[in-house]
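Remarks on the structure that follows.
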Amino acid sequence: MEDETLFRHLCLLKDREGLQIEPSAAAGFSGPRALVESVAGQDYLQRQKLLPHMANATHIVWTTGGLFVPDEEYARFLARGRDLLN
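All letters in the sequence shown, in the order written, are residues 3 to 88 by the numbering used here.
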């Protein structure tokens with residue numbers, strides 16, 4: 003996974019949910035997208051007969067980290083994410 007993706011997710015999570023995480027903890031947020039947008043994900047959904055249920059699906063992402071990241075370092079992470087989103 004590219005660092006840019008991690009920083010984008012970190013920024014979006016802070017802006018939308020107010021949660022502060024470290025970049026590596028953002029890796030799980032790509033999972034639901036990969037499931038619905040990739041050929042492998044679509045194949046999995048089809049094999050498991052999950053496609054008809056996706057409209058009602060809830061995706062849960064387990065994430066940790068961020069509590070012990072120094073404020074100055076987190077500010078740099080957040081700024082990098084914002085730059086990538088703009």
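Glycine is no exception: its CB is placed at the ideal position from the N, C-alpha and C atoms.
Computed from a predicted structure; not experimentally measured.
Problem - The alpha helix (DSSP H) enclosing Gly83, as first and last residue numbers - result: Asp73 to Leu87
Problem - Classification of Ala27 by the beta-carbon crowding that lies within 10 angstroms, buried from 16 upward - result: buried
Handout entry: Under the three-state DSSP convention, the category Val63 falls into
Key = coil
Exercise for the section: Would you tell me roughly how many angstroms separate the C-alpha atoms of Cys13 and Gly30, rounded to the nearest one? Expected result: 14 Å
Practice task
Would you mind giving the Cβ-Cβ distance between Phe9 and Pro25, rounded to the nearest angstrom? I have them listed as a contact below 8 Å.
Solution key: 6 Å
Handout entry: 8 Å Cβ shell around Gly43 - same chain, five flanking residues per side excluded
Key = Ala36 and Leu37
Handout entry: Cβ-Cβ separation, Leu69 to Lys16 (assumed contact under 8 Å), whole Å
Key = Not quite, the Cβ-Cβ distance comes to about 14 Å (not below 8 Å), so this is no contact.
Problem - Residue environment, His55, which counts as buried when at least 16 other CB atoms sit within 10 Å - result: exposed
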